[in-house]
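Trainee: The numbering used here runs 29 ahead of the 1-based position in the sequence shown.
Ideal Cβ positions, reconstructed from N, Cα and C, are used throughout, including at glycine.
Everything numeric in this text was worked out from a predicted model, so none of it was measured.
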Amino acid sequence: MTAFLLIWSPKKWPWPELPDVARRVATGIAVADVWGCGFARGILPGDRVFLHRVAMEPKGIFGSGYVTRAPYEVPDPATKRGYRLCIDFVYDWLVDAHQQVVIPRDSLRAHPFSVQTWDAQSSGTVIKPIAEGALEKRWAELTGKRKPPALGAPAGPVRSSKGSAHAAAAEARAPSAKTPAGKRPPER
30 MTAFLLIWSP KKWPWPELPD VARRVATGIA VADVWGCGFA RGILPGDRVF
80 LHRVAMEPKG IFGSGYVTRA PYEVPDPATK RGYRLCIDFV YDWLVDAHQQ
130 VVIPRDSLRA HPFSVQTWDA QSSGTVIKPI AEGALEKRWA ELTGKRKPPA
180 LGAPAGPVRS SKGSAHAAAA EARAPSAKTP AGKRPPER
C-alpha cells in the first residue's frame with residue numbers, strides 16, 4: 030500500500046464543518062469525502078491518505094483514511110488545464126484541526142519523518158516508504174489500531190458536509206461549470 034498527503038490550508042478554505050465531521054468519524058460513522066489530488070494520477074483504491082494542516086497553527090497531521098476511488102477529472106474552468114483531479118476516500122480517523130492535530134509539524138522534523146517533504150504545495154504527494162512506515166506506527170500509537178473500513182459504499186452519511194458548501198461556492202463563482210451530478214467537488 031502507498032500513502033499520500035492531502036493538504037488542508039485554512040487560509041484557502043476555513044472548513045467550518047470540520048468539528049461536526051470529526052465528531053461523526055469519532056462515533057464510528059464511515060464518512061466519505063472528495064479531495065483534490067494535484068497532478069497525482071497514481072493513487073489507487075485502498076491507498077492510505079493522511080491529512081496535513083498547513084499555513085496556520087496548529088500545523089501537522091490530523092486525519093487519515095483510505096482511498097475508495099482513483100483520481101478522476103472534474104471540470105474546472107478556473108484552472109489552466111480546464112479540470113482538476115480529485116479522489117474519493119473514507120476517513121478512519123479525524124480530529125478538529127481548528128483546535129489540535131495528532132502529530133504536530135515540529136515532530137515531523139525528526140528522523141525518520143524528516144526524510145519527507147511535509148510542506149507540499151498541493152495534495153497528492155507520495156509519502157516516502159521510510160517515513161510512511163514510521164508514520165503508520167506512530168499514528169497507531171496515538172490513535173489506536175483499527176481495521177481499514179470496507180471500501181464499498183460507506184455506512185452513514187455519504188459525504189462530508191463541506192462538499193456541499195464547496196459546491197455552493199463554486200456555483201456562485203461559475204454557475205455554468207457543473208458536473209453531471211450538478212456539483213463540483215471541493216477545491217483545497
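Of the choices SER93, PRO43, LYS109, whose alpha-carbon is the least far from that of ALA32?
Mentor: Residue SER93 is the option with its Cα nearest to ALA32.
Trainee: What are the start and end residues of the alpha helix (DSSP H) that includes ARG52?
Mentor: 47-55 is the span of the alpha helix (DSSP H), which, as asked, contains ARG52.
Trainee: Strictly under 8 Å for the Cβ-Cβ distance: is TYR112 near chain C by that measure?
Mentor: The structure shown has no chain C; it contains just one protein chain.
Trainee: Below 8 Å on the Cβ atoms is my contact criterion, and I expect PRO48 with ASP125 to pass it. Report the Cβ-Cβ distance as a whole number of Å.
Mentor: That belief holds up - the Cβ atoms of PRO48 and ASP125 are roughly 5 Å apart, short of 8 Å.
Trainee: Spell out the partners DSSP gives HIS81 in its beta bridges.
Mentor: Answer is ILE36, ILE90.
Trainee: Counting C-beta neighbours from all protein chains within 10 Å, is the total for PHE68 16 or more, i.e. buried, or is it exposed?
Mentor: Exposed.
Trainee: Tell me the rounded alpha-carbon separation between GLY153 and ARG175.
Mentor: Going by the C-alpha atoms only, they are around 23 Å apart.
Trainee: Mapping the DSSP letters down to three states, classify LEU164 as helix, strand or coil.
Mentor: Helix, per DSSP.
Trainee: Please state whether DSSP places LEU123 in a helix, a strand or coil.
Mentor: LEU123: strand per DSSP, three-state reduction.
Trainee: Within 10 angstroms of its Cβ, does HIS140 collect 16 or more other Cβ (buried), or is it exposed?
Mentor: Exposed: under 16 other Cβ atoms inside 10 Å.
Trainee: Taking just the CA atoms, how far does LYS109 sit from GLU161?
Mentor: If I take the Cα positions, the gap works out to 32 Å.
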